[in-house]
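Note that the protein sequences, when read in sequence, are chains A and B. Just so we're aligned, residue 0 is where the first sequence starts under numbering that gives the first Met the number 0, counting upward by one. Just so we're aligned, residue 0 is where the second sequence starts under numbering that gives the first Met the number 0, counting upward by one. Each remark here refers to the structure printed beneath this line.
Number of protein chains: 2
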Amino acid sequence: MRIAVDVLGGDYAPDEVLRGVATALRDDFTPEELLLVGPEEEIQSRLKAEGVAVPNILHTTEVIGSHEKPVEALRKKRNSSISLCVGAVKEGAAGGLISFGNTGAAVAASSIGLGMLPGIRRPGIAVVFEWASGKVVLLDAGANPEPKSSHLFHYGVMGTAYCRDMFGMESPRIGLLNIGGEAGKGHSTVREAHDLLESSSLNFVGNLEGQDLFKGSTEVLVTDGFVGNMLLKVVEGFMEYLLHGMADAVSDSDSSNSMLATFKQLVGATDFAEVGGATLLGVNGVVLIGHGRSKASAVAPALRNVRKDLRTGVNAHITEILNAQEGSAAEA
Amino acid sequence: MRIAVDVLGGDYAPDEVLRGVATALRDDFTPEELLLVGPEEEIQSRLKAEGVAVPNILHTTEVIGSHEKPVEALRKKRNSSISLCVGAVKEGAAGGLISFGNTGAAVAASSIGLGMLPGIRRPGIAVVFEWASGKVVLLDAGANPEPKSSHLFHYGVMGTAYCRDMFGMESPRIGLLNIGGEAGKGHSTVREAHDLLESSSLNFVGNLEGQDLFKGSTEVLVTDGFVGNMLLKVVEGFMEYLLHGMADAVSDSDSSNSMLATFKQLVGATDFAEVGGATLLGVNGVVLIGHGRSKASAVAPALRNVRKDLRTGVNAHITEILNAQEGSAAEA
Numbered sequence: 000m001r002i003a004v005d006v007l008g009g010d011y012a013p014d015e016v017l018r019g020v021a022t023a024l025r026d027d028f029t030p031e032e033l034l035l036v037g038p039e040e041e042i043q044s045r046l047k048a049e050g051v052a053v054p055n056i057l058h059t060t061e062v063i064g065s066h067e068k069p070v071e072a073l074r075k076k077r078n079s080s081i082s083l084c085v086g087a088v089k090e091g092a093a094g095g096l097i098s099f100g101n102t103g104a105a106v107a108a109s110s111i112g113l114g115m116l117p118g119i120r121r122p123g124i125a126v127v128f129e130w131a132s133g134k135v136v137l138l139d140a141g142a143n144p145e146p147k148s149s150h151l152f153h154y155g156v157m158g159t160a161y162c163r164d165m166f167g168m169e170s171p172r173i174g175l176l177n178i179g180g181e182a183g184k185g186h187s188t189v190r191e192a193h194d195l196l197e198s199s200s201l202n203f204v205g206n207l208e209g210q211d212l213f214k215g216s217t218e219v220l221v222t223d224g225f226v227g228n229m230l231l232k233v234v235e236g237f238m239e240y241l242l243h244g245m246a247d248a249v250s251d252s253d254s255s256n257s258m259l260a261t262f263k264q265l266v267g268a269t270d271f272a273e274v275g276g277a278t279l280l281g282v283n284g285v286v287l288i289g290h291g292r293s294k295a296s297a298v299a300p301a302l303r304n305v306r307k308d309l310r311t312g313v314n315a316h317i318t319e320i321l322n323a324q325e326g327s328a329a330e331a
Numbered sequence: 000m001r002i003a004v005d006v007l008g009g010d011y012a013p014d015e016v017l018r019g020v021a022t023a024l025r026d027d028f029t030p031e032e033l034l035l036v037g038p039e040e041e042i043q044s045r046l047k048a049e050g051v052a053v054p055n056i057l058h059t060t061e062v063i064g065s066h067e068k069p070v071e072a073l074r075k076k077r078n079s080s081i082s083l084c085v086g087a088v089k090e091g092a093a094g095g096l097i098s099f100g101n102t103g104a105a106v107a108a109s110s111i112g113l114g115m116l117p118g119i120r121r122p123g124i125a126v127v128f129e130w131a132s133g134k135v136v137l138l139d140a141g142a143n144p145e146p147k148s149s150h151l152f153h154y155g156v157m158g159t160a161y162c163r164d165m166f167g168m169e170s171p172r173i174g175l176l177n178i179g180g181e182a183g184k185g186h187s188t189v190r191e192a193h194d195l196l197e198s199s200s201l202n203f204v205g206n207l208e209g210q211d212l213f214k215g216s217t218e219v220l221v222t223d224g225f226v227g228n229m230l231l232k233v234v235e236g237f238m239e240y241l242l243h244g245m246a247d248a249v250s251d252s253d254s255s256n257s258m259l260a261t262f263k264q265l266v267g268a269t270d271f272a273e274v275g276g277a278t279l280l281g282v283n284g285v286v287l288i289g290h291g292r293s294k295a296s297a298v299a300p301a302l303r304n305v306r307k308d309l310r311t312g313v314n315a316h317i318t319e320i321l322n323a324q325e326g327s328a329a330e331a
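And the structure:
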C-alpha cells in the first residue's frame, strides 16, 4: 500500500521532509510506495539533488500553517497538502499518510474526510514513550480535549489493538490516568470510564497516577486529550530543560560525557522530533502525525510506522476488539 | 501567632514530624509558637530525647490514613489530628496549621471548618517549582479537580497575592495552562477563564503550554486541580526515574559525581518531600499541606512558610485584590 507524504507540513518543511524521504528511499522504501504531496518542481529537483526520484507526486503549493485555526483553514484551503493527503487515502490512491504539519488540521481533515471506524465516535492520538522501564502508549495526546467516558473506553480498545500489532504484546495492561489510585477518584467522566473499562474484557489494571508513566506499571495509559497533551508537553519541556542545563555544565572529561550519554539514553527514545511521531487511531485509515519540529530523521521511522499499521491491520483489530465487548460498554 | 502541627499525618509520622519539630525549635522557633496535635505522652518523651520541649499539646491518637475517603473519614473520626488542628485555628488557639497527612482530608476539613475567604468559592493548592529559570507557582495542584472558570480566575488572584507576599514580586505574571497558546484554545472552562483573566487588572500573559513550566515564561500557572495534580506527579515521577537511572550509572570519578550534582541542582529545589509543602489558598486561615513522604527536613521550612503567610497577611491581600477587580470577573 502506498503512503501519502505531506511535504509542506512542519516547521522545517519541505527541506527536512524531502531529505527524510530521500533517506527512506535509500534505506528500505521503493519509490512506488510513496505519494508525495507538495510543489512538484521543487520536489523533483530536490530529490534529484539527493540522487533519488519518486514517480507519484500530487502537486499543490497550499499549506495550513501551524497557527491557523484548523476547521476554518481547511474550509478556505481546499487544496492544502493535508487535505490532498487525506483525499488520496479516501480515494484509495494511498493506504495511509504522514504529516508533520498543524496537528488540529490533520485530526479534523482525517476525521471528516475518512470518517471513523464502526462504533468509534472520536479519534485519539497515540504517543509511545520508551523508558528503561518499558514502553507506554499514552492515548489521547490531544485529538479530543473534552471526551465522554465512552471515548476513554474506546481509547482502551484502540490501545490494546495498537500494542498487540505494533509491539506483539498479547494482553497489554490498560491504566486510566487519574488523581488517585482508588476507584471513585477524579471527576465524573473518569469515574464512568473506570466502570466501563472494569466491566470490559480488556486487561484493565485500574486508576494510575502521573508518576506511573515512568514505572512500568502499564503498557497503555488512557486519558483525555487535554491532560494527555499537557503531559506530553511537560515531559518534553522538562527533558529539554534538563538537557540544556546538563549540556551547559558538561566538562570535556570522559566521565561527565558518559554521564550525559546516560541521561540521553534514559530520555532519548522519547525525543518526538526524532522518532517518527504519533498515530491517530479511530479514523478509517492510517494517519501518522509527526512533531512539528521534526527533522529529516523522523521521516523514515514515521513511514515505517504507517507501513506496519497497514500490514498488521490495526484498524480491523480495533473493530474486532470493540465488537467482542459486552453490550453496555461497547455501545456507551 | 501559634502554628498547629498535625503530628500524626504523613507516611513517616510521628517520628519524622517530631524530629522536624525539634530541628525547628533548635533553629528559629520558640516552644510557645507551636501547638502539637497528637499523642501527648509520646510527643513529650520523643521531644525530651531530642532535648527540647513544647508546652502546648492537644492530645489525640486518631488519624486519617492516606487512603481513607476524606469526607467519610472526617465524619467518623471527630478527634482526628487534622480535625483538631483545624479546630484550633478556628477557635483562635493557632493562626495556622501544617499537615503531612491525607491531602483530601486536610482540604475538606479546612474548607468546612474555616470557611472560604469572602468572594472565594473553592480553595486551591499552590505548589512552588524552583528552576534555574525562576520560580513558578502552580495553582491548583489538586484541591479542586472540576473547577468553574470563576474558580480559575480566583486562582489568578490568589497566585498574585501569594507571589507578592512570599517572594516580593510586585506584579507577577499569570499564565493559564492550556493546550495551545492562542485565545480560543481548549475546552469551554479554560476559554471562559481566559476571558475573565484577560478582562481583569491582573498581569495576565495569556495561555501557556506544558513546556512553559520550565521556561521562565510566568510566575503563576493557573490550571484545574486534575491537570495540576497530574502535572505535579509527572514532574516528580520523571525526576525520580532520572535520578535513579543516573545514580545507577554514576562512577566514582569526580566529574561524573559533579554531573550528578548538576542534575540534582537543576531539579533539587523541586523535591517536595524536602522543601516544606504547598499552601492551601482561599480558606479563611493559613493551611500548609506537606507531601505525604516528607521527612524531618520538610517540617521547619513548612513552619516558616506558615509564619510568613501569617506575617504578610496573604489572605487579606487576596481579598483586597479580588475587591479591586471589575464587577463581572469578581462576581463570576
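Glycine included, every Cβ here is placed at the ideal spot set by N, Cα and C.
With a cutoff of 8 Å on beta-carbon distance, residue 295 (chain A) and residue 22 (chain A) are scored as near each other. By the neighbour-count criterion, in which a residue is buried when 16 or more other Cβ atoms sit within 10 angstroms of its Cβ, residue 102 (chain A) is buried. Using beta-carbon distances, residue 191 (chain A) does not count as an interface residue toward chain B, since no partner is under 8 Å. Any Cβ of chain B closer than 8 Å to the Cβ of residue 261 (chain A) would place that residue at the interface, and such an atom is present. Under a 10 Å Cβ-count criterion, residue 315 (chain B) is classified as exposed, with fewer than 16 other Cβ atoms of the shown protein chains found around its own Cβ. Residue-level contact check: residue 99 (chain B) does not touch chain A, since none of the beta carbons of chain A fall below 8 Å from its beta carbon. The way I'd put it, the region 173-181 of chain A doesn't touch the region 291-310 of chain A; fewer than three beta-carbon pairs between them come closer than 8 Å. Annotation for residue 112 (chain A): 82, 85, 86, 88, 89 place their beta carbon closer than 8 Å to its own, counting only its chain and skipping 5 residues before and after.
By the C-beta criterion, the region 225-232 of chain B is judged to be in contact with the region 136-148 of chain B, since at least 3 inter-stretch pairs fall below 8 Å. The beta carbon of residue 324 (chain A) sits closer than 6 Å to those of 199, all from its chain and outside the five residues before and after it, given in chain order. Out of B:146, B:188, B:79, B:54, the CA that lies nearest to the CA of residue 60 (chain B) is found in B:79. Only exposed fits residue 74 (chain B), as fewer than 16 other CB atoms lie within 10 angstroms of its CB.
The closest CA to that of residue 35 (chain A), considering only A:1, A:303, A:182, is found on A:1.
For residue 287 (chain B), the enclosing beta strand (DSSP E) starts and ends at 285-288. At least one CB atom of chain B sits nearer than 8 Å to the CB of residue 178 (chain A). Residue 322 (chain A) counts as exposed, since fewer than 16 other C-beta atoms from the protein chains shown sit within 10 angstroms of its C-beta. The DSSP assignment places no complete beta strand (DSSP E) segment of no fewer than 3 residues inside the region 142-167 of chain A. Here residue 231 (chain A) carries a helix assignment [DSSP, helix/strand/coil]. Along the region 199-216 of chain A, the positions whose C-beta sits under 9 Å from a C-beta of chain B are 208, 209, 210, 211, 212, 213, 214, read in chain order.
For residue 232 (chain B), the chain A residues whose C-beta falls within less than 7 Å of its own C-beta are 208, 209, 210, listed in chain order. Classified as exposed, residue 264 (chain B) has fewer than 16 neighbouring CB atoms from the shown chains inside 10 Å of its CB. Secondary structure at residue 249 (chain A): coil, using DSSP grouped into helix, strand and coil. Cβ contact annotation for residue 114 (chain B) (same chain, cutoff 6 Å, sequence separation greater than five): 283, in chain order. Beta-bridge partners of residue 203 (chain A) (DSSP): A:173. In the three-state DSSP reduction, residue 58 (chain A) falls in the strand class (E or B). Residue-level contact by beta carbon fails for residue 69 (chain B) and chain A, as no gap is shorter than 8 Å.
For residue 16 (chain B), the number of other beta carbons within 10 angstroms of its own is at least 16, and it is reported as buried.
Between the C-alpha atoms of residue 245 (chain B) and residue 256 (chain B) there is a straight-line separation of about 10 Å. Residue burial annotation: residue 44 (chain B) is exposed, with fewer than 16 other C-beta atoms found within 10 angstroms of its C-beta.
As computed with DSSP, residue 221 (chain B) is found in a beta bridge with B:138, B:175.
Against residue 186 (chain B), the close residues of chain A are 144, 145, 225, in the order they occur along the chain (beta-carbon pairs closer than 7 Å). With at least 16 other beta carbons inside 10 angstroms of its own, residue 222 (chain A) counts as buried. Rounded to whole angstroms, the gap between the alpha carbons of residue 275 (chain B) and residue 301 (chain B) is 4 Å. Residue pairing from DSSP leaves residue 49 (chain B) without any beta-bridge partner. At a cut-off of 8 Å between beta carbons, residue 174 (chain B) makes no contact with chain A. A Cβ-Cβ separation of about 6 Å places residue 132 (chain B) in contact with residue 213 (chain B) under the 8 Å criterion.
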